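One structure is given here, and the rest of the page talks about it.
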Amino acid sequence: MRKRSQPADHHPRSVYTILTGQYDNLGDSILRRAMVSQLARLGDWHVFIGRAPEDYVAALDLNDRTRVYRSRFRWLIAATRGMARRSSAVFVANPGEISSSWHEFLIGLTAVWLLAIGRFRANPGIRVGIGARDRQRPLSLGHELACRLARINIWRDQQSRDLFGRGHVAPDWAFALPASNAGEPRSFVALCYRADKPLPSPTALGAVQAWAADRGYQLVVVSQVRRDVEANRRLASSLGALHVGGTDRPLEQLEQDVRAMYARSVIVLGNRVHGLILGMVEGAAPGALLGHADMKTGRTLRAAGFDLAAIPGEADERELAIYLDHVLESRRELAPKMRAARDELTRIASQLSLHHSASPVD
C-alpha cells in the first residue's frame with residue numbers, strides 16, 4: 001500500500017531550515033530535535049547550523065539523509081534555488097523565541113526572501129513552535145512580514161499569537177519528546193534556575209528546603225544550561241543540596257544526567273521553561289517560584305493545557321507549603337495532560353506532512 005503523502009508520481013520535497021540556537025542550552029537542542037523528528041516526513045532536509053559545536057549538532061540527532069550546511073551563503077543559495085523550483089520545496093522556520101533585535105531582524109528578512117519566492121512557485125512556508133518576546137518596530141518588521149507570507153503560523157503561546165495577529169497556538173515542540181522511562185523511586189525536589197534572573201528570597205528557598213525535608217524529599221539543583229552552572233553550584237551549596245550538570249559534558253551526556261534526575265523527582269521548580277518541560281516529560285510536576293515577573297513559563301505551559309500559577313519569591317513558609325502541596329497534588333493530572341499535548345503535536349505534524357510532503361515529478 002502506498003502512502004497518501006507520496007503517491008507514485010510524486011517525490012519528496014526538499015525542506016530548508018535553520019537550526020542555530022544557544023549552543024550551551026539543552027532546551028535549544030531538544031526543542032529543535034523534537035521538531036525535526038516530528039516533521040521528518042516532510043521530505044529531505046537541508047539544515048543550516050553555522051558554527052554550532054559538534055555536541056550541539058549531535059544532540060539534534062539528524063538522520064543520515066540530512067544535508068548539513070556550515071556556510072550560510074551556501075545554504076541560502078541552495079534554499080533560494082530549491083524554493084524557486086516549482087512545487088518542490090518547503091521552508092520551515094527555526095523554532096524557539098524571536099525578539100526585536102538586529103540579529104532577529106536579519107533572520108526575519110532571510111525568511112521573507114525565501115517565503116516570497118515560495119509564494120510564487122507553490123512552495124509553502126511553515127512557522128511552528130515560535131514564541132515572541134516582543135514586537136517593536138522597526139526591528140520586528142522582518143518577522144512580521146515573514147508571518148504574513150507563511151502559509152502556516154502556529155505559535156507556542158497565546159500572547160505571541162496576539163502580538164502578531166495571525167495563526168494558531170500549540171504546545172512547544174519539546175512536549176513531543178518521549179520519556180526516558182527510568183522507573184526509579186522519586187525522592188527529589190528539583191530546582192532549575194537561570195543565572196541571569198534574580199532568585200527567590202533566601203527565606204522562600206529555605207521554606208522549600210523545609211517542605212521537602214518534612215515530606216522525606218531531598219533538594220537537587222539542576223543546570224541544563226552551561227552558563228547557569230556557577231550560579232547554580234552556589235545555590236546548591238547554600239541549600240546543602242546536590243547539583244547536577246557541568247560545563248565539561250557534551251549535551252547528549254548532560255541530557256541523560258538531567259533526565260535521570262528529573263525521573264527521580266516529584267517536582268521541578270524554577271524559571272527555565274525547558275527545564276520545567278523536560279521535568280514534565282520525565283514525570284515531575286512543574287512549579288514556578290520566581291524572584292521576578294513571569295514573562296515566559298506560565299504562558300508557554302498554558303498553551304499545552306497546564307495552568308501554571310507562579311508564586312512570588314517573597315512568599316512565606318506557610319504560603320509556600322500550601323503552594324507546593326498543590327503542585328505535588330497536580331502530579332495526578334500530569335500524565336493525561338502530557339499525552340494530550342503530545343497527541344496535539346503529532347496531529348499537527350501528521351497534517352503538515354500529509355499536505356506538504358510531496359511534489360509532482362516534472
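For the record, in the sequence shown the residue sitting at position 238 is 238 according to the UniProt record's numbering, with numbers rising by one throughout.
Where a beta carbon is used, it is the ideal one built from N, C-alpha and C, also for glycine.
Every value quoted in this text rests on a predicted model; they were computed, and no experiment measured them.
(request) Could you tell me if D228 is buried or exposed, where buried requires 16 or more neighbouring beta carbons within 10 angstroms of its beta carbon? (result) As a working note, residue 228 is residue 228 in the sequence shown. Buried, by the Cβ-count rule.
(message) If you follow the alpha helix (DSSP H) that F91 is in, where does it begin and where does it stop?
(response) Within the sequence shown, residue 91 is the residue found at index 91, counting from 1. Looking at the DSSP string, F91 is not in any alpha helix (DSSP H); the run it does join, the beta strand (DSSP E), is A89 to V92.
(request) Please determine, among A288, I267 and A340, the residue with the shortest C-alpha to C-alpha distance to R331. (result) Here residue 331 corresponds to residue number 331 of the sequence shown, with the count starting at 1. Looking at the Cα atoms, I267 is the closest of the given residues.
(request) Measure the beta-carbon distance from L290 to G313 and round it to whole angstroms, keeping in mind my assumption that it falls under 8 Å. (result) To locate residue 290, count along the sequence shown from 1; it is residue 290. To locate residue 313, count along the sequence shown from 1; it is residue 313. So it is a contact: roughly 6 Å between Cβ atoms.
(message) Please classify R102 as buried or exposed, where buried requires at least 16 neighbouring CB atoms within 10 angstroms.
(response) If you number the sequence shown from 1, residue 102 lands on position 102. It is Trp, not Arg, that sits at residue 102 in the sequence shown. Exposed.
(request) Could you say if the stretch 85–100 and the stretch 14–23 meet the contact criterion of at least three C-beta pairs nearer than 8 Å? (result) yes
(request) Pull up the DSSP beta-bridge partners for H168, would you. (result) Taking the first residue of the sequence shown as 1, we reach residue 168 at position 168. Bridge partners of H168: I154.
(message) Looking at the secondary structure, which residues open and close the alpha helix (DSSP H) in which G246 lies?
(response) Within the sequence shown, the letter at position 246 stands for residue 246. Counting along the chain, G246 falls outside any alpha helix (DSSP H), and DSSP gives it neither H nor E.
(message) Just to confirm the assignment, what range does the alpha helix (DSSP H) spanning I117 have?
(response) Your numbering for residue 117 matches position 117 in the sequence shown. Per DSSP, I117 belongs to the alpha helix (DSSP H) from W102 to F120.
(request) Apply the 10 Å Cβ neighbour rule to Q158 and answer buried if 16 or more other Cβ atoms are within range, or exposed otherwise. (result) As a working mapping, residue 158 is identified with position 158 in the sequence shown. Answer is exposed; the Cβ neighbour count stays below 16.
(message) In whole angstroms, give me the CA-to-CA distance for F120 and V36.
(response) For the purposes of this step, residue 120 is taken as the residue at position 120 of the sequence shown. For the purposes of this step, residue 36 is taken as the residue at position 36 of the sequence shown. Between F120 and V36, the C-alpha separation is close to 26 Å.
(message) With distance defined between alpha-carbon atoms, name the residue in L26, G27, D24 and G82 nearest to residue 363.
(response) Here the chain has residues from 1 to 362 only, and residue 363 is not among them.
(request) Please state if the CB of L269 and the CB of Q224 are separated by a distance shorter than 8 Å. (result) Here residue 224 is taken as the residue at index 224 of the sequence shown, counted from 1. Here residue 269 is taken as the residue at index 269 of the sequence shown, counted from 1. No, the pair does not count as a contact, with Cβ atoms beyond the cut-off.
(request) Could you give the DSSP three-state label for Q159: helix, strand or coil? (result) If you number the sequence shown from 1, residue 159 lands on position 159. Q159: helix per DSSP, three-state reduction.
(message) Considering only their Cβ atoms, is the gap separating A303 from A170 smaller than 8 Å?
(response) The count along the sequence shown starts at 1 and reaches residue 170 at position 170. The count along the sequence shown starts at 1 and reaches residue 303 at position 303. Yes, they are a contact pair.
(request) Could you tell me the distance, in whole angstroms, from the CA atom of G279 to the CA atom of A122? (result) As a first step, residue 279 must be located in the sequence shown, where it is residue number 279. As a first step, residue 122 must be located in the sequence shown, where it is residue number 122. C-alpha separation (whole angstroms): 41 Å.
(request) Return yes when the C-beta of L276 is under 7 Å from any heavy atom of the ligand GDP, and no when it is not. (result) As presented, the structure is devoid of all ligands, the ligand GDP included, so that no description of it is given.
(request) Evaluate the contact criterion for the stretch 182–195 versus the stretch 203–220: three or more CB pairs, one atom per stretch, below 8 Å. (result) yes
(request) Starting from T17, follow its DSSP beta bridges and name the residues at the other end. (result) Mapped onto the sequence shown, residue 17 falls at position 17. Answer by DSSP bridge pairing, in chain order: V47 and V92.
(request) Tell me whether R194 sits in a helix, a strand or coil according to DSSP, three-state version. (result) To locate residue 194, count along the sequence shown from 1; it is residue 194. R194: coil per DSSP, three-state reduction.
(message) Whole angstroms are fine: how far does the CA of R85 sit from the CA of V327?
(response) Here residue 327 refers to the residue found at position 327 of the sequence shown. Here residue 85 refers to the residue found at position 85 of the sequence shown. C-alpha separation (whole angstroms): 52 Å.
(message) What residue range does the beta strand (DSSP E) around A304 cover?
(response) The sequence position of residue 304 within the sequence shown is 304, counting from 1. Run containing A304: none; DSSP gives neither H nor E here.
(request) Figure out for me which residue from R233, E344, R264 and C192 has the closest Cα to the Cα of H274. (result) Position 274 of the sequence shown holds residue 274. Closest by alpha carbon: C192.
(request) Measure the alpha-carbon distance for V221 versus G246 and round it to whole angstroms. (result) Here residue 221 is taken as the residue at index 221 of the sequence shown, counted from 1. Here residue 246 is taken as the residue at index 246 of the sequence shown, counted from 1. Computed Cα separation, rounded: 12 Å.
(message) Can you find the residues in the same chain that come closer than 8 Å, C-beta to C-beta, to P53, ignoring five residues on each side of it along the sequence?
(response) To locate residue 53, count along the sequence shown from 1; it is residue 53. Cβ within range, chain order: Y23.
(message) In whole angstroms, give me the CA-to-CA distance for L39 and A349.
(response) The residue you call residue 39 lines up with position 39 of the sequence shown. The residue you call residue 349 lines up with position 349 of the sequence shown. Approximately 6 Å between the Cα atoms of the pair.
(request) Can you tell me which of L114, A174 and W173 puts its alpha carbon nearest to the alpha carbon of A150? (result) Along the sequence shown, one-based indexing puts residue 150 at 150. Nearest of L114, A174 and W173 to A150, Cα basis: L114.
(request) Out of R249, L242, A174 and H143, point me to the one whose CA is closest to M261's CA. (result) Numbered from its first residue, the sequence shown carries residue 261 at position 261. For the residues R249, L242, A174 and H143, the minimum Cα distance to M261 belongs to L242.
(message) According to DSSP, simplified to helix, strand and coil, what is L62?
(response) Here the question's residue 62 lines up with position 62 in the sequence shown. Looking at L62 - three-state DSSP - the assignment turns out to be coil, as it is neither helix nor strand.
(message) Since L60 and R32 should fall inside the 8 Å C-beta cutoff, what is the C-beta to C-beta distance between them, to a whole number of angstroms?
(response) Along the sequence shown, one-based indexing puts residue 60 at 60. Along the sequence shown, one-based indexing puts residue 32 at 32. Confirmed, Cβ separation roughly 6 Å.
(message) Is the separation between the beta-carbon of I49 and that of R70 shorter than 8 Å?
(response) Walking along the sequence shown from the start, residue 49 turns up at place 49. Walking along the sequence shown from the start, residue 70 turns up at place 70. Cβ distance < 8 Å, so I49 and R70 count as in contact.
(message) Quick check on S100: buried or exposed, where buried means 16 or more other Cβ atoms within 10 Å of its Cβ?
(response) By 1-based counting over the sequence shown, the position of residue 100 is 100. So S100 counts as buried.
(request) Would you mind giving the Cβ-Cβ distance between F175 and A341, rounded to the nearest angstrom? I have them listed as a contact below 8 Å. (result) What you label residue 175 is simply residue 175 of the sequence shown in a count that begins at 1. What you label residue 341 is simply residue 341 of the sequence shown in a count that begins at 1. Rounded, the Cβ-Cβ distance is 4 Å, consistent with contact.
(message) Between L352 and I126, how many whole angstroms is the CB-CB distance? I'm expecting something under 8 Å.
(response) Looking up residue 352 in the sequence shown gives position 352. Looking up residue 126 in the sequence shown gives position 126. With 8 Å as the limit, L352 and I126 qualify as a contact, their Cβ atoms being about 6 Å apart.
(request) Could you work out which residue in P12, T300 and S265 is closest to D44 when comparing CA atoms only? (result) On the sequence shown, residue 44 is found 44 positions in, with the first residue counted as 1. Among P12, T300 and S265, the Cα nearest to that of D44 is on P12.
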